[in-house]
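K.L.:
Residue numbers (numbering that gives the first Met the number 0), protein chains in the order written: chain V, 0 to 769; chain X, 0 to 355.
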Amino acid sequence: MQAPEQEAVTSAEEQEKWLADAMALVQHHAFYMHRALDANNIRDVLKFSAQMLSELRTSKLSPQKYYELYMRTFDELRQLEVFFREESKRGRTNADIYELVQHAGNILPRLYLLCTVGSVYIKSKEAPAKDVLKDLVEMSRGVQHPIRGLFLRSYLSQISRDKLPDVGSPYEGEGGNVMDAVEFVLQNFTEMNKLWVRMQHQGPVRDKEKREKERSELRDLVGKNLHVLSQLEGVDLEMYRDLVLPRVLEQVVNCKDELAQYYLMDCIIQVFPDDFHLQTLETLLGACPQLQPTVDIKTVMSQLMERLSKYAAASPDVLYEFQQVDAFSKFSQSVVEVIEAQPDMPLVGAVSLHVSLLTFVLRVYVDRLDYVDLVLGACVKKLEGKGKVKDSKATKQLVALLSAPLEKYKDVVVVLKLSNYARVMEHLDYETNKVMAVVLIQSVLSNSTMITVDEEDFQEEQNLVARLVHMLVNDDPEQMFQILTTARKHFAQGGPRRLQYTLPPLVFEALKLVRSLQAQDLPEEGEGSGSVSLKKVFQFLHQTVEALAMIPAAELSLRLYLQCAEAAGDCGLEPVAYEFFTQAFVLYEEEISDSKAQVTALQLIIGTLQRTRVFGVENRDTLTHKATGYSAKLLKKPDQCRAVYACSHLFWVEDGGTTDGERVLLCLKRALRIANAAQQMSSATRGTSGPMTLFVEILNKYLYYFEKGTMIQSTVIQGLLELIVTDMQSESTTHDPEVDAFLASTVRYIQFQKQKGDSIAERYASIQVQ
Amino acid sequence: MCCPEVPPPEMLTLRSRGSARKGELRRGTHADDDDSFGMSGRAKPSNFPSRTTTRGREKNFLVGAFGPPCKVGIEFSDAETRKQASVKKENGQVVMVPLFLGQDSVAGEVRIEPLPGKKVEHLGVKIELLGQIELYFDRGSFYDFTSLVRELDVPGEILECKTYPFEFSTVEMQYESYNGVNVRLRYVLKVTISRSYATNIVEYRDFWVHNYSPQPEINNSIKMEVGIEDCLHIEFEYSKSKYHLKDVIVGKIYFLLVRIKIKHMELEVRRRESTGSGPNTYNESETLAKYEIMDGAPVRGESIPIRLFLSPYDLTPTYRNINNKFSVKYYLNLVLVDEEDRRYFKQQEITMYRLE
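(1) Verify the CB distance criterion: does D34 (chain X) have a CB-CB separation below 7 Å to chain V?
(2) I believe S331 (chain V) touches V374 (chain V) by the beta-carbon criterion, under 8 Å. Please report the beta-carbon distance rounded to the nearest angstrom.
(3) Rounded to a whole number of angstroms, what is the C-alpha to C-alpha distance between K632 (chain V) and L483 (chain V)?
(4) Is it true that the CB of R271 (chain X) sits closer than 7 Å to the CB of K345 (chain X)?
(5) Around the C-beta of V172 (chain V), are 16 or more other C-beta atoms found within 10 angstroms, so that it is buried, or is it exposed?
(6) Per DSSP, P113 (chain X) forms a beta bridge with which residues?
(7) Starting from L107 (chain V), find everything on chain A with Cβ-Cβ shorter than 9 Å and list it in chain order.
(8) First and last residue of the alpha helix (DSSP H) that includes G117 (chain V)?
(9) DSSP three-state label for I482 (chain V), please.
(10) Just reading off the beta strand (DSSP E) that R140 (chain V) is part of, what are its end residues?
(11) I'd like the list of long-range same chain contacts for Y174 (chain X), defined as Cβ closer than 6 Å, with 5 residues on each side in sequence excluded.
(12) Look at the alpha carbon of R747 (chain V) and the alpha carbon of E617 (chain V), and state the distance between them as a whole number of angstroms.
(13) Going along the chain, which residues of the segment 134-156 of chain V sit with their C-beta nearer than 8 Å to a C-beta in chain X?
(14) Rounded to whole angstroms, how far is the Cβ of V257 (chain X) from the Cβ of L231 (chain X), which I believe are closer than 8 Å?
(15) Which residues in the same chain as G117 (chain V) place their Cβ atom closer than 6 Å to its Cβ, once the five residues preceding and following it in sequence are excluded?
(16) Within a Cβ cutoff of 8 Å, which residues of the same chain sit near Y239 (chain V), ignoring the five residues on either side of it in sequence?
(17) To the nearest angstrom, how far is the alpha carbon of V109 (chain X) from that of I292 (chain X)?
(18) Suppose contacts are defined by Cβ-Cβ distances below 7 Å. Is Q289 (chain V) in contact with V335 (chain V) by that definition?
(19) For I267 (chain V), name the three-state secondary structure that DSSP assigns.
(20) If we call anything under 7 Å between Cβ atoms a contact, is A180 (chain V) one with P169 (chain V)?
(21) Do P476 (chain V) and V531 (chain V) count as a contact pair if the criterion is CB distance below 7 Å?
(22) Check F75 (chain X) in the structure and name its three-state DSSP category.
(23) CA-CA distance, L61 (chain X) and D77 (chain X)?
(24) Can you check which of these residues, V:Y154, V:D206, V:H226, V:D161, is closest to L185 (chain V) by C-alpha distance?
(25) Within the 7 Å Cβ cut-off, does Y163 (chain X) reach chain V?
(26) Could you tell me the boundaries of the beta strand (DSSP E) in which D726 (chain V) lies?
(27) Identify, in the order they occur along the chain, each residue of the same chain with its Cβ nearer than 7 Å to the Cβ of V196 (chain V), setting aside the five sequence neighbours on each side.
(28) DSSP beta-bridge partners for Q347 (chain X)?
(29) Under 6 Å from any heavy atom of the ligand SAH, does the C-beta of N39 (chain V) make it?
(30) Apart from the five residues on each side of it in sequence, which residues of its chain come closer than 7 Å, Cβ to Cβ, to A677 (chain V)?
(31) Work out the CA separation of E79 (chain X) and Y186 (chain X) for me, nearest whole Å.
(32) Based on the DSSP secondary-structure assignment, which residues constitute the bridge partners of P278 (chain X)?
(33) May I ask which residues mark the beginning and end of the alpha helix (DSSP H) holding T298 (chain V)?
(34) Counting only the same chain and skipping the five closest in sequence on each side, list residues whose C-beta sits under 8 Å from that of G141 (chain V).
(35) What span of residues does the alpha helix (DSSP H) with D143 (chain X) cover, start to end?
(36) Can you pull the chain V residues whose beta carbon is under 7 Å from the beta carbon of F308 (chain X), in chain order?
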């Protein structure tokens, strides 16, 4: 007869086979049933249909396969229904047939037949629909096997759907009223849910997971009843509030099953109209804390809030109703209760509940900032004593919580007025505090880019912070300095990764402060600790850049040192400038090893040094000497060459600076030597000498100084020019169109100068060009 | 209560609760074939050969062998309109016989038709109405509990077809006709043509008797809590204790405690026929109906409805101590089968009666 339940779990292959066998038998019995149908032989019809339905008594099939079998027999039962209808036309009363099918010895076939006849019986109106329905739903109790019972009751639900004595239905009146319809559906729902919940206890424990999955597949059979309820015309708000909802919730709560509770709560929310939910909030929410502690109630509540806020958004005239029923306090109270009722709920759950509530408030109660603050306050209460939140998911939710009002109001000032806002922020760890800061800044900048935490975003965030620094403006230097100092104090905690983004803007702001102080012509020495002085600012700068150098960020620090040096020079603070240069040089020597970086750094050093005029002879000599020395030590000859001729500028500073023609010449000659060496090296290693670029460049330097002073003889230029031209015509020289163009324009320049007709033209006169 | 046909069951005393009667649930193995569709009553097993029929055939043979001098026919006066009862004979054949009620008059005529060229000399013709109980195990002995005689003719000769009307008015036929396993109660008309030299010519005509009972004035429900300690406790209720033959058994089973995995539950209608008395009592039990009322394992608190239509089954009223010869009693047997095919059952007597 029935296989033991343990065998119910089997391989897919066996399932297929069993299904095929059962299908074949259904087909077989259906064949004889059809023959009896054609012969109008009711005894045989009942006999063979019962045999066919007996195939549904199997315990072997998985719910999915059982469903297929059910569908197969379902089709056959439709034909049987037609037969019963005709049989009643042939003179047999429906009551008779209704009794006749109950003679079947086995309960499952009997009840399928009973439901089928019942359907005809109701339709004939020979008996009140309510009585037949009540009898069917009551008799169905006899099937206690979860899967068989579920499908039987699903069949009952299916055949009765269009026969409920609903308002406006042809079965209303003598057939009963909507109360009877509701009662019937509720009872079927309750019994189906009980069976469904019980399914998890069928069979061995080891298959529990699989069983739960299968159980999940059957959930819509149960949920369909709620759908039927929602479709009843006669179920108005009053009936829903007083009868339907309490009864459904009673079942949901009492079944004490996580899967069922979650699904059914969701189902209730989805199938019944929004205004019903709004008017029954207290009841619906009242059930939430009573659910199993493991139920994902936050999702359920979030969905409800989501739905209601959409409802509010779609029809603004219902907002009054929201106030009328005090939806906010009901939700917020429920959130508290749910969290209390689920002590094991992870923090993330609690926080996300608050996020949902807040979202709801922001959508429905646009101008109720006090509500927003209450939600934040409730969250703070929940976080109390928890310190910094460690859980990353919870943290994410906290950020969402804090971001929501910003997105809504787009005004930091409004948001920061919320007294609990900062208190929530206190619970963020450093990392998140930063994320939150970013959100705040974004709001300030009216930038609504979303936040994630990869490297690109990190830079983006840090750039935002950097931009924020530039927004810190105060006309009072004293205050400004305070701001900068405070900012640096906070930035300092950010760690090296952030400092290289956050410190440079500080440096530039400080330099800006230097300039404004300079403009006010304040005394160099500050009177007392309170007031700000240039010296103090430079000390600040020094510390700041030093901190940056420690990261290490040598190239960046070097640039900043040079900036500072220049500023100090502009302020006439020689020792300070010297110190900054020294630091820059130290960095160059100790930290910058990459040759490309060296070239760049050196050019910066040379450039800055050239512009800084504050130095006395001694300091100046030391620094220029150092710089020249660095130049000669560069790795690549062309780099050496260029650095060396660049150094020449260090000795030629016009407008009151040094003009040491001899040393300029020295530099240029040295550059020529290096260029020559580079050329030879090239021909030695590659067979051809490199392009004449360096020579043309040096030629240009010569021309520059030729115009400046007298230390350059025109013959030297003539010689260099001829050398270049000759070499460029040589076979062994690599030809480069750029160099050709460069030389051509240089020559054009010489010709232009010769024609100018001023004193310079006279000096150029002696230079011969082709 | 006592069920001798049950192999040594694990009998467990049950706690009694409240006013419910203390009961017990029995457990044992019980092999019964599965009757998937109980549209009609089960065929009764006929273990015993019928001696009456055998004898009847002998007699016909003798009549034929010696050449019957006449044909004897017994006709009921209202044969056309009288109801008939379908009676299943031992060979399984169903025959229709006239049906009488306990106080009916039995009237008709006897027709004696001598064969052509023959005459019937006799010492008298009489007709008897006999009520007999036949016990198969007792070598087929008859007990006549009713015997009425009407003389039809004085001694003489019958030369041509002759008919004799007869009437037994308002006969007291207090017992119903019954064809059981070990016993038969029959009503018969017997015509005897007595002869001096040859054997008497005897002709029989069976008829069937039903007795209607009024609706019982007291018809209490049957309600009882039974179970096996810490294993299974149920409370069952049948709405009545007395049922007429076309009645419906309505009731419910309420599960108070379920610690075993029940596979299904069925309700059986059982008939027990007791014959003889004292040490020579023979009991014969049959399961006439087997009706599944629950599929699957219920949990505590479930209540399962019962609705069993009795009309499809071939039942008789309960017969108590008929003429001190036999009794026929009916029982409802509630059977629960667990996953290891152990059967737990509780049998309750019900009274069957025939309602007009």
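A virtual CB, placed ideally from N, CA and C, is assigned to each residue, including glycine.
Fair warning: this is a prediction, and the values are worked out from it, not measured in the lab.
P.N.:
Looking at the coordinates:
(1) Against the second sequence, residue 34 (chain X) aligns to sequence position 35. Legend: pLDDT at D34 (chain X) = 34, less than 50; position of this residue unreliable, value from coordinates given subsequently. Answer yes: the Cβ-Cβ gap between D34 (chain X) and chain V drops below 7 Å somewhere.
(2) Mapped onto the first sequence, residue 331 (chain V) falls at position 332. Mapped onto the first sequence, residue 374 (chain V) falls at position 375. Yes, they are in contact, since the Cβ atoms of S331 (chain V) and V374 (chain V) sit about 7 Å apart, within 8 Å.
(3) Mapped onto the first sequence, residue 632 (chain V) falls at position 633. Mapped onto the first sequence, residue 483 (chain V) falls at position 484. The alpha-carbon atoms of K632 (chain V) and L483 (chain V) are separated by roughly 40 Å.
(4) Counting from one through the second sequence, the residue named residue 345 (chain X) turns up at place 346. Counting from one through the second sequence, the residue named residue 271 (chain X) turns up at place 272. Going by C-beta atoms, K345 (chain X) is not nearer than 7 Å to R271 (chain X).
(5) Within the first sequence, numbered from 1, the residue matching residue 172 (chain V) stands at position 173. The amino acid occupying residue 172 (chain V) in the given sequence is Gly; Val does not appear at that position. That one is exposed.
(6) Position 114 of the second sequence, counted from the first residue, corresponds to residue 113 (chain X). According to DSSP, which records beta bridges pairwise, P113 (chain X) is partnered with X:C69.
(7) The chain inventory of the structure shown lacks chain A, comprising the protein chains V and X.
(8) Mapped onto the first sequence, residue 117 (chain V) falls at position 118. Its alpha helix (DSSP H) spans residues 106-123.
(9) Translated into the one-based positions of the first sequence, residue 482 (chain V) becomes position 483. In this structure, I482 (chain V) counts as helix in the three-state DSSP scheme.
(10) Counted from its first residue, the first sequence places residue 140 (chain V) at position 141. Element bounds for R140 (chain V): n/a, residue is neither H nor E.
(11) Working through the second sequence from its first residue, we reach residue 174 (chain X) at position 175. The answer, listed in chain order, is L184, I321.
(12) Stepping through the first sequence from its first residue, residue 747 (chain V) is reached at position 748. Stepping through the first sequence from its first residue, residue 617 (chain V) is reached at position 618. Distance between the alpha carbons of R747 (chain V) and E617 (chain V): 41 Å.
(13) E137, M138, R140, G141, V142, Q143, H144, P145, R147, G148
(14) The count along the second sequence starts at 1 and reaches residue 257 (chain X) at position 258. The count along the second sequence starts at 1 and reaches residue 231 (chain X) at position 232. Indeed they touch by this definition, with Cβ atoms about 6 Å apart.
(15) Looking up residue 117 (chain V) in the first sequence gives position 118. Closer than 6 Å at Cβ, skipping near neighbours: V131, L135.
(16) The count along the first sequence starts at 1 and reaches residue 239 (chain V) at position 240. Same-chain partners within the cutoff: F271, F275, T279.
(17) Position 110 of the second sequence, counting from 1, holds the residue named residue 109 (chain X). Position 293 of the second sequence, counting from 1, holds the residue named residue 292 (chain X). Computed Cα separation, rounded: 53 Å.
(18) Here residue 289 (chain V) refers to the residue found at position 290 when the first sequence is read from its first residue. Here residue 335 (chain V) refers to the residue found at position 336 when the first sequence is read from its first residue. Not in contact: Q289 (chain V) and V335 (chain V) (Cβ atoms no closer than 7 Å).
(19) Mapped onto the first sequence, residue 267 (chain V) falls at position 268. Helix at I267 (chain V).
(20) Mapped onto the first sequence, residue 180 (chain V) falls at position 181. Mapped onto the first sequence, residue 169 (chain V) falls at position 170. Going by C-beta atoms, A180 (chain V) is not nearer than 7 Å to P169 (chain V).
(21) Within the first sequence, residue 531 (chain V) is the residue found at index 532, counting from 1. Within the first sequence, residue 476 (chain V) is the residue found at index 477, counting from 1. Yes, Cβ-Cβ distance for V531 (chain V) and P476 (chain V) is below 7 Å.
(22) Here residue 75 (chain X) is taken as the residue at index 76 of the second sequence, counted from 1. In this structure, F75 (chain X) counts as strand in the three-state DSSP scheme.
(23) Numbered from 1 along the second sequence, position 62 holds the residue referred to as residue 61 (chain X). Numbered from 1 along the second sequence, position 78 holds the residue referred to as residue 77 (chain X). Below a pLDDT of 50, predicted positions are generally treated as unreliable, and L61 (chain X), at 47, falls in that range; no measurement from the model is reported.
(24) The count along the first sequence starts at 1 and reaches residue 185 (chain V) at position 186. Checking every option, the nearest Cα to that of L185 (chain V) belongs to V:H226.
(25) For the purposes of this step, residue 163 (chain X) is taken as residue 164 along the second sequence, with counting starting at 1. No, no contact with chain V.
(26) Looking up residue 726 (chain V) in the first sequence gives position 727. From DSSP, D726 (chain V) is part of no beta strand (DSSP E) but of the alpha helix (DSSP H) over 713-728.
(27) Along the first sequence, read from residue 1 onward, the residue named residue 196 (chain V) stands at position 197. Cβ within range, chain order: C254, D256, A259.
(28) On the second sequence, residue 347 (chain X) is found 348 positions in, with the first residue counted as 1. Bridge partners of Q347 (chain X): X:L331.
(29) Absence of the ligand SAH from the depicted structure is noted, as is the absence of any ligand whatsoever, leaving it without description.
(30) Indexing the first sequence from 1 puts residue 677 (chain V) at position 678. Closer than 7 Å at Cβ, skipping near neighbours: K636, P637, C640, G689, L693.
(31) To locate residue 186 (chain X), count along the second sequence from 1; it is residue 187. To locate residue 79 (chain X), count along the second sequence from 1; it is residue 80. Taking the straight line from one Cα to the other gives about 20 Å.
(32) The count along the second sequence starts at 1 and reaches residue 278 (chain X) at position 279. P278 (chain X) is not bridged to any residue.
(33) Taking the first sequence and counting its residues from 1, the one referred to as residue 298 (chain V) is at position 299. Unbroken alpha helix (DSSP H) run through T298 (chain V): 296-313.
(34) For this step, residue 141 (chain V) is matched to residue 142 along the first sequence. Cβ within range, chain order: I106, L110.
(35) Counted from its first residue, the second sequence places residue 143 (chain X) at position 144. Careful: D143 (chain X) lies outside any alpha helix (DSSP H), inside the beta strand (DSSP E) at 140-152.
(36) Counting from 1 along the second sequence, the entry for residue 308 (chain X) is found at position 309. Residues of chain V passing the Cβ test: E98, Q101, H102.
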